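Using our numbering, the first residue of the sequence shown is number 11, and each one after it goes up by one.
Quick reminder that beta carbons are idealized off the backbone N, C-alpha and C, glycines included.
On a predicted model such as this, the values are computed, not experimentally measured, just so you know.
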Amino acid sequence: MARYQFTPKGVCSRQMIIDVEDGIIRNLEVIGGCSGNLSGISRLVKGRSCKEVAETLRGTRCGMKPTSCPDQLAIALEAILEQQ
């Protein structure tokens, strides 16, 4: 299993720590941001493929911001997929 750390941009969360094994998200920890929402997202993505989650979350916006924590997670997962 590999651990990746990602610093999101333009959102409230400060860091995402993603554990991935064979293209599957095993754990997601988000530091900062909306605790309840991000805790729920973390539970929803466990056991799902990086590709599926990235495709699902990409382009999600937070209010008038051009991005969101889910969108930043998608960007992080796309970067992980490029490394594999």
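### Message
Give me the residue from 50, 11 and 70 with the minimum Cα distance to residue 36.
### Response
Along the sequence shown, one-based indexing puts residue 36 at 26. When each option's Cα is compared against that of residue 36, the closest is 11.
### Whether residue 26 touches residue 83 by CB criterion (8 Å)
Counted from its first residue, the sequence shown places residue 26 at position 16. Counted from its first residue, the sequence shown places residue 83 at position 73. Result yes, Cβ atoms of residue 26 and residue 83 sit closer than 8 Å.
### Buried or exposed by the 16-neighbour rule on C-beta atoms within 10 Å, applied to residue 5
Since the first residue of the chain shown is 11 and the last is 94, residue 5 is not available in this structure.
### Query
Thinking C-alpha only, which one of 32, 22 and 38 is nearest residue 86?
The residue you call residue 86 lines up with position 76 of the sequence shown. Of the listed residues, the one whose Cα sits closest to residue 86 is 38.
### Query
Quick one: what's residue 47 bridged to in DSSP?
In the sequence shown, residue 47 corresponds to position 37, counting from 1. Its beta-bridge partners do not exist; DSSP assigns none.
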